[in-house]
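Chemist: Numbering-wise (the working numbering), the sequence shown opens with residue 18 and increments by one. Attaching a single structure in structure tokens format; questions to follow.
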Amino acid sequence: MHRIETILSAAALLVAASACTPSTTNATIAGSAASVESAADTPKRVAPTVHTVTASPEGIVVNAYLVETPEGVVAIDSALTVSDAKKLREKLDSLKKPLLAVLLTHGHPDHYNGVTALVEGRPDTPIYSTAEVAKVIAADDAKKEALWKPMFKEQWPDKRTFPNHEIASGTKLDLGGLSFTVFAVGPGESHADSYWVLDADRRYVFVGDVVLHGVHAYVSDGHTTPWLETLARLRRELDGAGVLYPGHGPAGGVELLDWQTRYLESYRASVERLREGREKLSDDAKKTLIADMKQKYPDAALDFLIGLGADAVASELARAH
Ligand SMILES: [Zn+2]
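Okay, here's the thing in structure tokens:
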């Protein structure tokens, strides 16, 4: 297995007099997990290093983040497939520090299926999510397995591990000398989204799939209206935040929220035009939608999602009329 890693800062502890912008580098090798690592100093606090472990295309390029501090590692989300979860665990093991906690952004299997591999041999590891996210996982896990295991076969983990600590929105956790605060945002990309902010000055924001940057969106849960409302609200509330780390695609600034907004507006406009007053798209209309979105986003991955969510959005738009 090959993996390119770029460590932009070897310093584990930095005390800075003034804030500076974290830098990010991408590295990818076809067919294997790629890592992106960035580091930054946090004034008067422990400086974390954020390791990004991006899953393979088969594992729908989900990002897991390993936040390394001098005391240990905090994982944010995980991986979908057995192979990608194994690579994530290998990355964690290579850091040779204790796993302090796993934090989940939302209840889709590409984000929690790999938790079992992360906590294997460490059954007491706290796994945190909002109560709403935990509820979605508990309610939908068996359905997701029935739907997706036939496709992923042995790559679907036999055992999934659920959150063992449910916390309220706004709860702040102190982990490894850092503070992590979770914020619930309600239905959006999933039935219950949330995001995590590392440190009070909001220089690291783990937004989960509120943003899928540069890839086609999963819209099958049918909540694009509240999702757009969340994006507009976060655009105001996160103004001045540092780096946004999305559930899929590369990190960036708050403009990632604009990218997601434009994508969803474009998708909805196409569906609205093509549904012709109905709650579903015809097969031909779906083909047109797929061609439309591929033309608008020629470089975006996960194009199988375009057709998958069409009827959910058509139904959502029909109900709004
Ligand atoms: Zn995802």
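All residues carry an ideal CB built from backbone N, CA and C; glycine is no exception.
1) Identify whether Ser237 lies in helix, strand or coil by the three-state DSSP scheme.
2) Taking the alpha-carbon of Glu254 as reference, which of Gly266, Gly239, Pro87 and Glu272 has the nearest alpha-carbon?
3) Below 8 angstroms, can you find three or more Cβ-Cβ pairs linking the segment 260-268 to the segment 104-117?
4) Taking Cβ positions, are Ala374 and Lys297 nearer each other than 8 angstroms?
5) Relative to the alpha-carbon of Leu248, which residue among Arg279, Lys189 and Asp300 has its alpha-carbon at the smallest distance?
6) Would you kindly report the start and end of the unbroken beta strand (DSSP E) that includes Val271?
7) Which residues in the same chain have their Cβ closer than 8 angstroms to the Cβ of Leu112, if we skip the five residues on either side of it in sequence?
8) Measuring straight from C-alpha to C-alpha, what distance separates Thr188 and Val202?
9) Strictly by DSSP, which residues pair up with Glu85?
10) Would you call the CB atoms of Pro65 and Leu215 closer than 8 angstroms?
11) Contact check, Ala81 vs Ala92 under 8 angstroms by CB: the rounded distance?
12) For Ala335, I'd like the list of residues in its chain whose CB is within less than 6 angstroms of its CB, leaving aside the five on either flank, ordered along the chain.
13) Given Leu274, which residues of its chain have a CB within under 6 angstroms of its CB, disregarding the five upstream and five downstream residues?
14) How would you call Arg292, buried or exposed, if buried means at least 16 neighbouring beta carbons within 10 angstroms?
15) Could you say which of Trp213, Arg177 and Glu162 lies nearest to Leu192 if we only look at CA atoms?
16) Within 10 Å of its beta-carbon, does Ser207 have 16 or more other beta-carbons around it, so buried, or fewer, so exposed?
17) Quick check: the Cα distance between Arg139 and Met310, rounded to an integer number of angstroms?
18) Is Pro74 helix, strand or coil when you go by DSSP?
19) Which residues, in chain order, sit with a beta-carbon under 7 angstroms away from any heavy atom of ligand 1?
20) Distance, Cα to Cα, Gly324 vs Gly239?
21) Check the C-beta distance from Val150 over to Gly124 and give it rounded, since I have them as a contact under 8 angstroms.
22) Just curious, the beta strand (DSSP E) that Pro174 is in, first and last residue?
23) Please report how far the alpha carbon of Ala72 lies from the alpha carbon of Leu97, in whole angstroms.
24) Look up Pro263 in the DSSP assignment and give the residues it is bridged to.
25) Taking Cβ to Cβ, would you say Thr142 is nearer than 8 angstroms to Leu116?
26) If I measure Cβ to Cβ from Glu171 and keep anything under 8 angstroms in the same chain, skipping five residues before and after, which residues do I get?
27) Return yes when the Cβ of Leu245 is within less than 8 angstroms of the Cβ of Leu281, no when it is not.
28) Return the Cβ separation of His128 and Val78 in integer angstroms, given the expectation that the two are a contact with Cβ distance under 8 angstroms.
29) Roughly how many angstroms separate the alpha carbons of Gly294 and Ala302, rounded to a whole number?
Modeler: According to the structure data:
1) Position 220 of the sequence shown, counting from 1, holds the residue named residue 237. Assignment of Ser237 by DSSP, reduced to helix, strand and coil, places it in the coil class.
2) The residue you call residue 254 lines up with position 237 of the sequence shown. Ranked by Cα distance from Glu254, the first of Gly266, Gly239, Pro87 and Glu272 is Glu272.
3) Of all C-beta pairs linking the segment 260-268 to the segment 104-117, fewer than three are shorter than 8 angstroms, placing the two stretches out of contact.
4) Residue 374 is absent from the model: the chain starts at 18 and stops at 338.
5) Within the sequence shown, residue 248 is the residue found at index 231, counting from 1. Comparing Cα-Cα distances from Leu248 to each of Arg279, Lys189 and Asp300, the minimum goes to Arg279.
6) By 1-based counting over the sequence shown, the position of residue 271 is 254. Looking at the DSSP string, Val271 is not in any beta strand (DSSP E), and its letter there is neither H nor E.
7) Numbered from 1 along the sequence shown, position 95 holds the residue referred to as residue 112. Around Leu112, the same chain offers His68, Leu83, Glu85 and Val90 as residues with beta carbons nearer than 8 angstroms, after the five sequence neighbours per side are excluded.
8) Here residue 188 refers to the residue found at position 171 when the sequence shown is read from its first residue. Here residue 202 refers to the residue found at position 185 when the sequence shown is read from its first residue. Rounded to whole angstroms, Thr188 and Val202 show a C-alpha spacing of 14 angstroms.
9) Here the question's residue 85 lines up with position 68 in the sequence shown. Glu85 is bridged to Thr66 and Val90.
10) Position 48 of the sequence shown, counted from the start, is the residue given in the question as residue 65. Position 198 of the sequence shown, counted from the start, is the residue given in the question as residue 215. Closer than 8 angstroms, so yes.
11) Residue mapping note: residue 81 aligns to position 64 of the sequence shown, counting from 1. Residue mapping note: residue 92 aligns to position 75 of the sequence shown, counting from 1. About 6 angstroms separates the Cβ atoms of Ala81 and Ala92, confirming a contact at the 8 angstroms cut-off.
12) As a position in the sequence shown, residue 335 is number 318, starting the count at 1. Excluding positions up to five away in sequence, the list reads Glu296.
13) Position 257 of the sequence shown holds residue 274. Result list for Leu274: Leu248, Leu251 and Arg252, in chain order.
14) By 1-based counting over the sequence shown, the position of residue 292 is 275. The C-beta of Arg292 has 16 or more other C-beta atoms within 10 Å across all chains shown, which makes the residue buried.
15) Stepping through the sequence shown from its first residue, residue 192 is reached at position 175. Cα-wise, what sits closest to Leu192 is Trp213.
16) Reading the sequence shown from its first residue, position 190 is the one you call residue 207. Buried is the call here.
17) Mapped onto the sequence shown, residue 139 falls at position 122. Mapped onto the sequence shown, residue 310 falls at position 293. Within the model, the alpha-carbon separation for Arg139 versus Met310 is close to 44 angstroms.
18) The count along the sequence shown starts at 1 and reaches residue 74 at position 57. Note: Pro74 maps to helix in three-state DSSP.
19) Residues with a Cβ closer than 7 angstroms to any heavy atom of ligand 1, in chain order: Ile77, Val79, His125, Asp127, His128, Asp226, Leu229, Tyr235, Gly264 and His265.
20) As a position in the sequence shown, residue 324 is number 307, starting the count at 1. As a position in the sequence shown, residue 239 is number 222, starting the count at 1. The straight-line gap from Cα to Cα measures roughly 13 angstroms.
21) Here residue 150 refers to the residue found at position 133 when the sequence shown is read from its first residue. Here residue 124 refers to the residue found at position 107 when the sequence shown is read from its first residue. Contact between Val150 and Gly124 is confirmed by a C-beta separation of about 5 angstroms, below the 8 angstroms threshold.
22) For the purposes of this step, residue 174 is taken as residue 157 along the sequence shown, with counting starting at 1. Unbroken run through Pro174: none, as it is neither H nor E.
23) Here residue 72 corresponds to residue number 55 of the sequence shown, with the count starting at 1. Here residue 97 corresponds to residue number 80 of the sequence shown, with the count starting at 1. So the two alpha carbons sit approximately 8 angstroms from each other.
24) Walking along the sequence shown from the start, residue 263 turns up at place 246. According to DSSP, residue pairing for Pro263 in a beta bridge involves Gly225.
25) The count along the sequence shown starts at 1 and reaches residue 142 at position 125. The count along the sequence shown starts at 1 and reaches residue 116 at position 99. Their beta carbons are under 8 angstroms apart, which means Thr142 touches Leu116 by this criterion.
26) Counted from its first residue, the sequence shown places residue 171 at position 154. Cβ contact annotation for Glu171 (same chain, cutoff 8 angstroms, sequence separation greater than five): Val99, in chain order.
27) Here residue 281 is taken as the residue at index 264 of the sequence shown, counted from 1. Here residue 245 is taken as the residue at index 228 of the sequence shown, counted from 1. For the 8 angstroms CB-CB criterion, Leu281 and Leu245 form a contact.
28) The residue given as residue 128 occupies position 111 in the sequence shown. The residue given as residue 78 occupies position 61 in the sequence shown. Rounded to the nearest angstrom, the Cβ distance from His128 to Val78 is 12 angstroms, too far for a contact under 8 angstroms.
29) In the sequence shown, residue 294 corresponds to position 277, counting from 1. In the sequence shown, residue 302 corresponds to position 285, counting from 1. Gly294 and Ala302: Cα-Cα distance of roughly 12 angstroms.
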